[in-house]
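**Q** The structure under discussion is supplied below as structure tokens; questions concerning it will follow.
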Amino acid sequence: MRTLVCIIAATVAFSSDAFAQAAADPAVTACKSTGLLALQERSPEVTDLVMDIESLAVSKADTKVGDVPVRTVILGEAYIARKEKTGKPDRFVCLLGEKGKVLLTFFTAQ
112 MRTLVCIIAA TVAFSSDAFA QAAADPAVTA CKSTGLLALQ ERSPEVTDLV
162 MDIESLAVSK ADTKVGDVPV RTVILGEAYI ARKEKTGKPD RFVCLLGEKG
212 KVLLTFFTAQ
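In terms of this note's numbering, the sequence shown is residues 112 to 221.
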């Protein structure tokens, strides 16, 4: 029983660190801010973008789209707040290039 409690405690501790790291990741911050600006340009009633940290997958990449290098790919879910009302999560993909520059942020309803 004591072993089970230790395993559960370790799992929670490591999971919390992973979520904290994802939330503090500059790539995630860049995708959130760029995505929010893009959404607000298309729809002024958008007030916030809340990333679902548990769903995020941040992957390093060494590929290109055309001639443009892609260095990081982020996949996950985000909640788009519209005038203090948040609905279901939307899936998103964010591509980052050299020096963390956001190349693309794409949202789609589930």
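Glycine included, each C-beta is placed from N, C-alpha and C at the ideal position.
Among all the DSSP beta bridges, which residues are the ones paired with residue 171?
**A** DSSP, once it has assigned bridges, lists 183 as partnering residue 171.
**Q** Count the C-beta pairs between the stretch 157-177 and the stretch 187-195 that are closer than 8 Å, then say yes if the count reaches three, no if not.
**A** Counting Cβ pairs under 8 Å, three or more are found: they touch.
**Q** Any idea what DSSP makes of residue 194, helix, strand or coil?
**A** Three-state result, residue 194: coil.
**Q** According to DSSP, is residue 156 part of a helix, a strand, or is it coil?
**A** Of the three classes helix, strand and coil, the one that applies to residue 156 here is coil, per DSSP.
**Q** Would you grab the beta carbon distance between residue 187 and residue 170 for me? Rounded to a whole angstrom, and I think it's under 8 Å.
**A** Rounded, the Cβ-Cβ distance is 11 Å, inconsistent with contact.
**Q** Hey, out of 184, 211, 209, 205, whose CA is closest to residue 147's CA?
**A** Here the closest residue by C-alpha is 205.
**Q** Taking 8 Å as the limit between beta carbons, can you name the residues of its chain near residue 201, skipping five residues before and five after?
**A** The answer, listed in chain order, is 188, 189, 190, 191, 218, 219, 220, 221.
**Q** Closest to residue 177 by CA distance: which of 163, 208, 153, 150 is it?
**A** Checking every option, the nearest Cα to that of residue 177 belongs to 208.
**Q** Grab me the residues of residue 141's own chain with a C-beta within less than 7 Å of its C-beta, minus the 5 sequence neighbours each way, in chain order.
**A** Here the set comprises 207, 211, 213.
**Q** As a quick exercise: from 203, 199, 172, 183, pick the residue whose alpha carbon is nearest that of residue 138.
**A** The candidate whose alpha carbon is nearest that of residue 138 is 183.
**Q** Can you tell me where the beta strand (DSSP E) holding residue 178 begins and where it ends?
**A** Unbroken run through residue 178: none, as it is neither H nor E.
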